[in-house]
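Novice: Take the sequence shown: its letters are residues 116 to 357, numbered as in the numbering used here.
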Amino acid sequence: MVSKNQIKLITGLQQKKYRNEHQLFIAEGVKVIQELLQSNIVLDHLFVTESIFEKVPAAQKTLIKEADMKRISALSTPSSCLAVFQIPRPKELQHKGLIVALDDIRDPGNLGTIIRLCDWFGVKQLLCSKETVDLYNPKVIQATMGSVSRVQVNYVDLVAFISETDLPVFGTFMDGKNIYKEQLPLEGILIFGNEANGISKALEKNIQNRIAIPRFGDIQQTESLNVATATAIFLSEFRRNS
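1. Closest to Q138 by CA distance: which of V145, Q129, K146 and G144 is it?
2. Assign G303 to one of three DSSP states: helix, strand, or coil.
3. What is the C-beta distance between E310 and N252, in whole angstroms, given that I count them as a contact (C-beta under 8 angstroms)?
4. By the three-class DSSP mapping on this structure, what secondary structure does E368 have?
5. From S262 to K292, what distance separates their C-alpha atoms?
6. In the DSSP assignment, find the beta strand (DSSP E) that holds F276 and state where it starts and stops.
7. State yes or no: is the C-beta of G308 nearer than 7 angstroms to some heavy atom of the ligand MN?
8. Using the C-alpha atoms, what's the distance from L250 back to I256?
9. Taking the alpha-carbon of C243 as reference, which of S264, V268 and F236 has the nearest alpha-carbon?
10. Considering only residues of the same chain and omitting the five flanking positions on each side of P205, which have a CB-CB separation below 7 angstroms?
11. Taking D219 as part of the alpha helix (DSSP H), name the residues at either end of that continuous run.
12. Can you grab the Cα-Cα spacing for the pair S195 / I294, in whole Å?
13. Does the segment 198-215 come close enough to the segment 138-153 that 3 or more CB-CB pairs lie under 8 angstroms?
14. Quick one: give me the first and last residue of the alpha helix (DSSP H) that G127 is part of.
15. Quick one: what's G291 bridged to in DSSP?
16. Figure out for me which residue from A173, P223, F236 and M289 has the closest Cα to the Cα of T259.
17. So L282 packs on H210, CB below 8 angstroms; how close in whole Å?
18. Can you list the alpha helix (DSSP H) stretches of 4 or more residues lying completely in the segment 220-255, in chain order?
19. Would you mind reading off the limits of the beta strand (DSSP E) that contains I143?
20. Assuming F200 is part of the beta strand (DSSP E), what are its boundary residues?
21. In the DSSP output, which residue or residues are listed as bridge partners for G313?
22. Classify F168 as helix, strand or coil using the three-state DSSP reduction.
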């Protein structure tokens, strides 16, 4: 059974201010929870509607009714499990390797998908501007499908970070150089901008290399690519060239 206090806490964790206050976040679905349980992220409590995750200690697991799962779930169609995890402490920034930086990405699905892409392409560090959607938003966690446990995500002042780094900086722009013709380095910072407005003017001043994905359609009226789709293409090219 889930208590009224537990319901209040769990539903409150759908909001950033309560996640920050309690230093907890929620994850739903067998795949996501299984990935997180196998990581260093600490489980606070697990709620299930059936006998699953047998290795989780009884003291950390509660069997509840489907009606109660609907009350605590952030999903329109609840899963059979919901877990509450402790938010890990941020790790120290690394100024090496290929780094992806996000400037004011607002859509949770985009952030979650980009984290999965970083995991797939071996990008260990993702930098987010302070305005970017919260990493522990339930929709972000859902979209990562567990990759959140393998990619280091830091929220930073991107302008300050970029202005101080010795790594080459690449910005994605509509009028940039053709990505398919560029010689790309093993290390560098690859920046993606806001879904509607692109990279901010303040950050643009510190970008030495402007790159783009060329349009091949005959009419060429497509305004832009989805940022997560663009991320997949750019990361593929960086890794192919390396």
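A virtual CB, placed ideally from N, CA and C, is assigned to each residue, including glycine.
Specialist: Reading off the structure:
1. As a working note, residue 138 is residue 23 in the sequence shown. Minimum Cα distance to Q138 is reached at Q129.
2. Here residue 303 refers to the residue found at position 188 of the sequence shown. Note: G303 maps to strand in three-state DSSP.
3. For the purposes of this step, residue 310 is taken as the residue at position 195 of the sequence shown. For the purposes of this step, residue 252 is taken as the residue at position 137 of the sequence shown. About 15 angstroms; that fails the 8 angstroms criterion.
4. The structure shown does not extend to residue 368, since the chain spans only 116 to 357, so no value can be given for it.
5. As a working mapping, residue 262 is identified with position 147 in the sequence shown. As a working mapping, residue 292 is identified with position 177 in the sequence shown. Cα-Cα distance, rounded: 31 angstroms.
6. Position 161 of the sequence shown, counting from 1, holds the residue named residue 276. That residue, F276, is in no beta strand (DSSP E); its alpha helix (DSSP H) goes L273 to E279.
7. Judged by which ligands are present, the structure shown has none, so any question about the ligand MN falls away.
8. Along the sequence shown, read from residue 1 onward, the residue named residue 256 stands at position 141. Along the sequence shown, read from residue 1 onward, the residue named residue 250 stands at position 135. One C-alpha to the other measures close to 7 angstroms.
9. Translated into positions along the sequence shown, residue 243 becomes position 128. Minimum Cα distance to C243 is reached at V268.
10. In the sequence shown, the residue the question calls residue 205 occupies position 90. Taken in chain order, the residues that qualify are N269.
11. The residue you call residue 219 lines up with position 104 of the sequence shown. Following the DSSP letters along the chain, one finds D219 in no alpha helix (DSSP H), marked with neither H nor E.
12. Numbered from 1 along the sequence shown, position 80 holds the residue referred to as residue 195. Numbered from 1 along the sequence shown, position 179 holds the residue referred to as residue 294. Going by the C-alpha atoms only, they are around 44 angstroms apart.
13. Taking 8 angstroms as the limit for Cβ pairs, the verdict is that the segment 198-215 does touch the segment 138-153.
14. Position 12 of the sequence shown, counting from 1, holds the residue named residue 127. Its alpha helix (DSSP H) spans residues K119 to G127.
15. Counting from one through the sequence shown, the residue named residue 291 turns up at place 176. Note: G291 sits in no beta bridge, so no partner.
16. Taking the first residue of the sequence shown as 1, we reach residue 259 at position 144. With distances taken between Cα atoms, T259 lies closest to P223.
17. Along the sequence shown, one-based indexing puts residue 282 at 167. Along the sequence shown, one-based indexing puts residue 210 at 95. Rounded, the Cβ-Cβ distance is 6 angstroms, consistent with contact.
18. 223-235
19. On the sequence shown, position 28 is the one that residue 143 refers to. The identity of residue 143 in the sequence shown is Glu, whereas the question assumes Ile. First-last of the beta strand (DSSP E) with E143: L139 to E143.
20. Counting from 1 along the sequence shown, the entry for residue 200 is found at position 85. From DSSP, the beta strand (DSSP E) with F200 extends over C196 to Q201.
21. Locating residue 313 in the sequence shown gives position 198, counting from the first residue. Beta-bridge pairing links G313 to N309.
22. In the sequence shown, the residue the question calls residue 168 occupies position 53. Of the three classes helix, strand and coil, the one that applies to F168 here is coil, per DSSP.
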